[in-house]
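What follows is a single structure, written as structure tokens, with notes after it.
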DNA sequence: AACATATGGAGCC
DNA sequence: TGGCTCCCCTATGT
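In the working numbering, the protein residues as written are 1338 to 1913.
Written as structure tokens, this is what we have:
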């Protein structure tokens, strides 16, 4: 529901302002109390710097006669006037190493370094605390003119295709309440999630180690994991809709695997590193994969810019690999147009998203090249008509093209949203709500935190991509980690979230239970499965390296089935 | 409580 | 082009 969520947001925003003031006061007090060594998280050695301060802007000055200070150029600049030399004991900013300010968390509020461009919109002159896109999220849209090309193609589109897009907003329920507990069986961070297309309550999850989990989120004990399908990052999963017992998986180990979900038998479909590891400059990783169900064609892209076509039955490659992004750069994603499966959207590390006709492919044959400010994490056609494109870019902008047959030179909208790249996080990807006939609602996790009741939380945002308005922000006081992986159920009002190693299932809050918010005292139960603790059965630590780049090519692809039973235990984390 | 560490991209030379 | 350094609202284990 838009209205309540909005109200909550405003409320939180005003609370944040109050906190800012608080922390400023705190800052003052602490600095008045002077040389306290309140250096928070170590790292920088020079915790305090003695420095002669010529300017009188500084309030926290102390009188001293430090000989070293007298020799400093700043002192000389004072014209040799004898008298008390003022020096100040100041903190060094961890970000820019300059003095006079500090950056970092003050309680639940993060203070930006004023010397850096805004962490949200990347523009200089302000910080995230004062960024217009943060203060008023609904105005975070950089407008672009609606361009009608007025070509015959556009006319055909307007009359024929546009009618398919429902202009009536469907009932929209935000799955904002944690349904089942904190599911922990992945040993590494979750990298992808997919709902089973036909089997109710079944979710598939992949992690950085390559572990594939298939489990029922209603009957939590019904869980299977496959730990030998892939040897490192599971980047993408696709169901064969012609045979939904088969799952295709793409991995940074350079292989595509097909797994029969009933028998657990896995078969490699493609291995781009048949000769094994011989250094990072030759190791091919697969991030992008999609399936053209009409043609039975598997489309795969590697980390060197090449696209491969694969017949899913014969498992044979069709033609030669085609360079679709800058040579040597990673293709981050592929998506076949849901209405016209031969139309392909690719996104890449070369700051471009490109549209292709897979029937006539050659490196220069892109139907369109969509320029971005930085690496494009993902690009998706809208789920029903396929006539919109939404991309997530590392420049903290979600871009939307409303009409793929129109003028694609610049996006219809750019929505400023915090989803920065961080090497330790799975890249953020804004995804359409597959249930939304109007093709406007998107979901994406948020990087920067907001202060909610003294706790810094990173919500999952529901965005109206036609206006940039924040429809809802989903969060829970017990989830303090960032949630970069989010998947909306194709039919039900359910959201699955991957946050670090945990998985969460959200459902709409029951309308019956009122504003009393009895949820607050209720802690999230943690379901730790047998292998969840990174410890080997013998009690020794799993010291196997996190290195993604070890062999893997020669590994047997026989899927190993493991069953676990869950142990539910209450979690008593106390939050301020 | 203070560490170490996994790790990708940008920007420099 | 390649090799190096920095980035600096991560999460977790020791």
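Where is the CB? At the ideal position from N, CA and C, for every residue including glycine. All figures in this text were calculated on a predicted structure; none of them were measured in a lab.
Practice item. Taking all protein chains shown into account, decide if residue 1602 is buried (16 or more other Cβ within 10 angstroms of its Cβ) or exposed. Key: Taking the first residue of the first chain as position 1, residue 1602 is located at position 265. Looking at its Cβ environment, which holds fewer than 16 other Cβ atoms inside 10 Å, residue 1602 is exposed.
Exercise for review: Can you grab the Cα-Cα spacing for the pair residue 1770 / residue 1728, in whole Å?
Suggested key: Residue mapping note: residue 1770 aligns to position 433 of the first chain, counting from 1. Residue mapping note: residue 1728 aligns to position 391 of the first chain, counting from 1. Rounded to whole angstroms, residue 1770 to residue 1728 spans 14 Å at the Cα level.
Review point. Nearest CA to the CA of residue 1863: which residue from 1845, 1838, 1847 and 1844?
Key: Within the first chain, the letter at position 526 stands for residue 1863. Nearest of 1845, 1838, 1847 and 1844 to residue 1863, Cα basis: 1838.
Practice item. For residue 1469, name the three-state secondary structure that DSSP assigns. Key: Locating residue 1469 in the first chain gives position 132, where the first residue counts as 1. Note: residue 1469 maps to helix in three-state DSSP.
Point to revise | Selection from 1544, 1691, 1453 and 1658 that minimises the alpha carbon distance to residue 1746 | key: Here residue 1746 corresponds to residue number 409 of the first chain, with the count starting at 1. Closest option to residue 1746, Cα to Cα, is 1691.
**Study point:** Residues that DSSP places opposite residue 1672 in a beta bridge
**Key:** Numbered from 1 along the first chain, position 335 holds the residue referred to as residue 1672. Answer is 1682.
Check your understanding: Just the Cα atoms here: how many angstroms apart are residue 1808 and residue 1726?
Key -> Residue numbering aside, residue 1808 sits at position 471 when the first chain is read from its first letter. Residue numbering aside, residue 1726 sits at position 389 when the first chain is read from its first letter. Going by the C-alpha atoms only, they are around 20 Å apart.
Review point. Which two residues bound the contiguous beta strand (DSSP E) that contains residue 1730?
Key: The sequence position of residue 1730 within the first chain is 393, counting from 1. 1726-1730 is the extent of the beta strand (DSSP E) around residue 1730.
Exercise for review: Could you round the C-beta distance between residue 1588 and residue 1561 to whole angstroms and report it? I think they count as a contact, below 8 Å.
Suggested key: The residue given as residue 1588 occupies position 251 in the first chain. The residue given as residue 1561 occupies position 224 in the first chain. About 18 Å; that fails the 8 Å criterion.
Check your understanding: Roughly how far, in whole angstroms, is the beta-carbon of residue 1659 from the beta-carbon of residue 1643, given that I think they are within contact range, below 8 Å?
Key -> Here residue 1659 corresponds to residue number 322 of the first chain, with the count starting at 1. Here residue 1643 corresponds to residue number 306 of the first chain, with the count starting at 1. Indeed they touch by this definition, with Cβ atoms about 7 Å apart.
**Study point:** Environment of residue 1433 [buried if 16+ CB atoms lie within 10 Å]
**Key:** Reading the first chain from its first residue, position 96 is the one you call residue 1433. Answer is exposed; the Cβ neighbour count stays below 16.
Check your understanding: Span of the beta strand (DSSP E) holding residue 1542?
Key -> Taking the first chain and counting its residues from 1, one reaches residue 1542 at position 205. Element bounds for residue 1542: 1539-1544.
Exercise for review: State the start and end residues of the unbroken beta strand (DSSP E) segment that holds residue 1457.
Suggested key: In the first chain, counting from the first residue as 1, residue 1457 sits at position 120. Run containing residue 1457: none; DSSP gives neither H nor E here.
Review point. Hey, how far is the Cα of residue 1626 from the Cα of residue 1439?
Key: Locating residue 1626 in the first chain gives position 289, where the first residue counts as 1. Locating residue 1439 in the first chain gives position 102, where the first residue counts as 1. Each residue's Cα considered, the two are about 44 Å apart.
Check your understanding: At what residue ranges does the segment 1542-1597 contain a whole run of the beta strand (DSSP E), taking only runs of 3 or more?
Key -> Within the segment 1542-1597, the complete beta strand (DSSP E) runs of at least 3 residues are 1549-1553, 1560-1563, 1571-1576, 1583-1588 and 1592-1597.
Check your understanding: Would the beta-carbon of residue 1668 fall within 7 Å of that of residue 1656?
Key -> The sequence position of residue 1668 within the first chain is 331, counting from 1. The sequence position of residue 1656 within the first chain is 319, counting from 1. Going by C-beta atoms, residue 1668 is not nearer than 7 Å to residue 1656.
Review point. DSSP puts residue 1650 in a beta bridge; with which residues?
Key: In the first chain, residue 1650 corresponds to position 313, counting from 1. The beta-bridge partner set that DSSP reports for residue 1650 is empty.
Check your understanding: Do you know offhand how far residue 1535's Cα is from residue 1599's?
Key -> The sequence position of residue 1535 within the first chain is 198, counting from 1. The sequence position of residue 1599 within the first chain is 262, counting from 1. Whole-angstrom Cα-Cα distance: 14 Å.
Review point. Taking buried to mean at least 16 other C-beta atoms within 10 Å of its own C-beta, is residue 1595 buried or exposed?
Key: On the first chain, position 258 is the one that residue 1595 refers to. It counts as buried.
**Study point:** With 16 other Cβ atoms within 10 Å as the buried cut-off, status of residue 1720
**Key:** Working through the first chain from its first residue, we reach residue 1720 at position 383. Buried is the call here.
Review point. So is residue 1523 buried or exposed if we call it buried at 16+ other beta carbons inside 10 Å?
Key: Your numbering for residue 1523 matches position 186 in the first chain. Burial call: buried.
Practice item. Assign residue 1791 to one of two classes, buried (16 or more other C-beta atoms within 10 Å of its C-beta) or exposed (fewer than that). Key: Residue numbering aside, residue 1791 sits at position 454 when the first chain is read from its first letter. That one is exposed.
Review point. What separation, rounded to the nearest whole angstrom, lies between the Cα atoms of residue 1639 and residue 1670?
Key: As a first step, residue 1639 must be located in the first chain, where it is residue number 302. As a first step, residue 1670 must be located in the first chain, where it is residue number 333. Looking at the two C-alpha atoms, the distance is approximately 9 Å.
Check your understanding: Quick one, which of 1672, 1666, 1744 and 1593 has its alpha-carbon nearest residue 1648's?
Key -> Here residue 1648 is taken as the residue at index 311 of the first chain, counted from 1. From the listed residues 1672, 1666, 1744 and 1593, the smallest Cα separation to residue 1648 is found for 1593.
Check your understanding: Less than 7 Å separating the beta-carbons of residue 1544 and residue 1569?
Key -> By 1-based counting over the first chain, the position of residue 1544 is 207. By 1-based counting over the first chain, the position of residue 1569 is 232. Not a contact, by the Cβ cut-off of 7 Å.
**Study point:** Cβ-based burial, residue 1556 [other Cβ within 10 Å; buried from 16]
**Key:** Taking the first residue of the first chain as 1, we reach residue 1556 at position 219. Under this definition residue 1556 is an exposed residue.
Exercise for review: Sort 1835, 1836 and 1831 by Cα distance to residue 1844 and report the nearest one.
Suggested key: In the first chain, counting from the first residue as 1, residue 1844 sits at position 507. Closest option to residue 1844, Cα to Cα, is 1831.
Review point. With DSSP run on the structure shown, which of helix, strand or coil describes residue 1440?
Key: As a working note, residue 1440 is residue 103 in the first chain. In the structure shown, residue 1440 sits in coil (DSSP, three-state: anything other than H, G, I, E or B).
Practice item. Express the C-alpha separation of residue 1443 and residue 1401 in angstroms, rounding to a whole number. Key: Walking along the first chain from the start, residue 1401 turns up at place 64. Walking along the first chain from the start, residue 1443 turns up at place 106. Low confidence applies here, because residue 1401 scores a pLDDT of 36, under 50, leaving its location unreliable; read the following figure in that light. Roughly 29 Å between the two C-alpha positions.
Check your understanding: Starting from residue 1738 and walking both ways along the beta strand (DSSP E), at which residues does that stretch end?
Key -> Taking the first residue of the first chain as 1, we reach residue 1738 at position 401. Note, residue 1738: beta strand (DSSP E), 1734-1738.
Point to revise | Three-state secondary structure assigned by DSSP to residue 1609 | key: Within the first chain, numbered from 1, the residue matching residue 1609 stands at position 272. Judged by DSSP in its simplified three-state form, residue 1609 adopts coil rather than helix or strand.
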